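A short worksheet on the structure shown next.
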Amino acid sequence: MTIKTLLMGTALTFAAGTAFAGGHLCYEGKTLTEGKLTVATGNPAYFPWVMNDDPASGEGFEAAVAYAVAEEMGLAADDVIWVRTSFDEAIQPGAKNFDVNMQQYSITPERDEMVDFSAPYFSAPMAVVVVGEGLDAAPTMESLKALKWGAVGTTTAVPMLTSMIEPSDDPLLYGDNADVTAAMQAGQIDAALFDLPTALFLSAVMIEGSAVLGQVPADRSENPDQFGMLMEDGNPLKTCVDAALEALTESGALAAIEAEWLQTTTGVPLIAE
Numbered sequence: 009m010t011i012k013t014l015l016m017g018t019a020l021t022f023a024a025g026t027a028f029a030g031g032h033l034c035y036e037g038k039t040l041t042e043g044k045l046t047v048a049t050g051n052p053a054y055f056p057w058v059m060n061d062d063p064a065s066g067e068g069f070e071a072a073v074a075y076a077v078a079e080e081m082g083l084a085a086d087d088v089i090w091v092r093t094s095f096d097e098a099i100q101p102g103a104k105n106f107d108v109n110m111q112q113y114s115i116t117p118e119r120d121e122m123v124d125f126s127a128p129y130f131s132a133p134m135a136v137v138v139v140g141e142g143l144d145a146a147p148t149m150e151s152l153k154a155l156k157w158g159a160v161g162t163t164t165a166v167p168m169l170t171s172m173i174e175p176s177d178d179p180l181l182y183g184d185n186a187d188v189t190a191a192m193q194a195g196q197i198d199a200a201l202f203d204l205p206t207a208l209f210l211s212a213v214m215i216e217g218s219a220v221l222g223q224v225p226a227d228r229s230e231n232p233d234q235f236g237m238l239m240e241d242g243n244p245l246k247t248c249v250d251a252a253l254e255a256l257t258e259s260g261a262l263a264a265i266e267a268e269w270l271q272t273t274t275g276v277p278l279i280a281e
């Protein structure tokens, strides 16, 4: 059952301090359309963030998070309006045709100068992509040690490999992800670490015959990539969205959505010790 289904036809329970502020709904007077939340996504929007390019279904990680945030703010599922934008145009400064935009936007200081971001709704774990002999490995730390590893030399993947996985042989170091991808395609290495969204894309589109073996919890990573809802710079709705995300985090609802759509749906298990 999706978040949207749960909302339809049911009474809303407002979280104290999230839906109400000074006796009024937090979002009142702060959205593009009064009483509605306009959410933007890509055109098209991809698995597992939005299923079947249909965000209104509430299926997919970002679609489900959008409806959960709306509910926490005191809005019904029917009050969520979906629009489409390109990734790049939404980052540009200026007026927006949405209240929030969810397209796996990493929160960076450079982008934050042009737009606002909500508190993070997702910290991207690192994931292991394998080819060749790596396809026979089990999703355990011990099984990963014997593989031939590659990594971008300037990223946190290198200290993660040496301190957490401790491969039998030193990893081969490359200049960027494209070089690592080419090395996998050429059979030079069996495995590499990428953030989960990148791993899913590379395995599905770029590296023939590969698979995403498993993921490492984000709290095991240094400075994990964090996604935030993108908003127009100075948007007063940010405080409401942040409060909703905080409530969803504290209740465990956000973790449950992540488990459903980014672990169960993608079939990418956590790597066991």
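Note that the sequence shown covers residues 9 to 281 in my numbering.
C-beta: ideal position from N, C-alpha, C; glycine also.
Since we're looking at a predicted model, the values are computed, not measured.
Option in the options with minimal Cα separation from residue i
i, options, result
"Trp57", "Pro101, Ile279 and Thr273", "Thr273"
"Ala255", "Gly142, Glu268, Asp233 and Tyr129", "Tyr129"
"Ala154", "Asp177, Ala98, Thr206 and Gly161", "Asp177"
"Met122", "Met214, Leu245, Leu238 and Val276", "Leu238"
"Ser114", "Pro205, Leu270 and Leu40", "Pro205"
"Ser218", "Thr163, Glu141, Gln271 and Ala261", "Glu141"
"Leu208", "Ala251, Asn51 and Gln271", "Gln271"
Pair within 8 Å by beta-carbon distance, residue i and residue j
i, j, result
"Asp107", "Leu152", "no"
"Ala280", "Thr148", "yes"
"Val188", "Gly158", "yes"
"Met81", "Tyr35", "yes"
"Gly236", "Phe125", "yes"
"Pro133", "Pro244", "no"
"Glu67", "Thr49", "no"
"Asp184", "Val166", "no"
"Ile265", "Ala145", "no"
"Ala103", "Glu240", "yes"
Reduced DSSP secondary structure (H/G/I, E/B, other) of residue i
i, result
"Phe209", "helix"
"Tyr75", "helix"
"Thr257", "helix"
"Ala98", "helix"
"Leu15", "Low local confidence applies: a pLDDT of 44 at Leu15 is under 50, so the model's placement there is unreliable, with the coordinate-based value given in what follows. Three-state result, Leu15: helix."
"Leu181", "strand"
"Ser218", "coil"
"Asp3", "In the structure as shown, the chain begins at 9 and stops at 281. Residue 3 is therefore absent and cannot be evaluated."
"Trp57", "coil"
"Met237", "coil"
"Met172", "helix"
"Phe106", "coil"
"Gly158", "strand"
Any non-hydrogen atom of the ligand SAH within 7 Å of residue i CB
i, result
"Val220", "Absence of the ligand SAH is noted for the structure shown, with no ligands found whatsoever."
For residue j and residue i, the rounded distance between their alpha carbons
i, j, result
"Arg119", "Asn105", "18 Å"
"Val224", "Leu278", "6 Å"
"Glu174", "Ala200", "13 Å"
"Asp96", "Glu258", "32 Å"
"Glu268", "Ala127", "21 Å"
"Ala72", "Met59", "10 Å"
"Val139", "Ala212", "13 Å"
"Ile89", "Val220", "34 Å"
"Pro101", "Gly195", "43 Å"
"Leu210", "Ala190", "11 Å"
"Val249", "Asp61", "24 Å"
"Leu83", "Glu216", "44 Å"
"Leu40", "Leu253", "20 Å"
"Met192", "Gly43", "50 Å"
"Leu143", "Leu33", "52 Å"
"Phe202", "Ile99", "24 Å"
"Lys156", "Pro117", "35 Å"
"Gly222", "Glu150", "13 Å"
"Met172", "Gly37", "49 Å"
"Phe182", "Ala261", "This sequence places Tyr at residue 182; Phe is not what is there. If you take the alpha carbons of Tyr182 and Ala261, they lie about 39 Å apart."
"Glu214", "Ala186", "It is worth fixing the name first, because residue 214 is Met in this sequence and not Glu. One C-alpha to the other measures close to 10 Å."
"Ala19", "Lys246", "In this prediction, Ala19 has a pLDDT of 33, which is less than 50 and means its spatial position is unreliable; nothing more can be read from the coordinates."
"Ala251", "Asn51", "28 Å"
Cβ-Cβ separation, residue j to residue i (assumed contact under 8 Å), whole Å
i, j, result
"Pro63", "Ala78", "Their Cβ separation, rounded to whole angstroms, is 12 Å, which puts Pro63 and Ala78 out of contact at 8 Å."
"Ile197", "Leu169", "Incorrect: roughly 12 Å between the Cβ atoms, too far for contact."
"Ala74", "Val47", "5 Å"
"Gln234", "Ser131", "5 Å"
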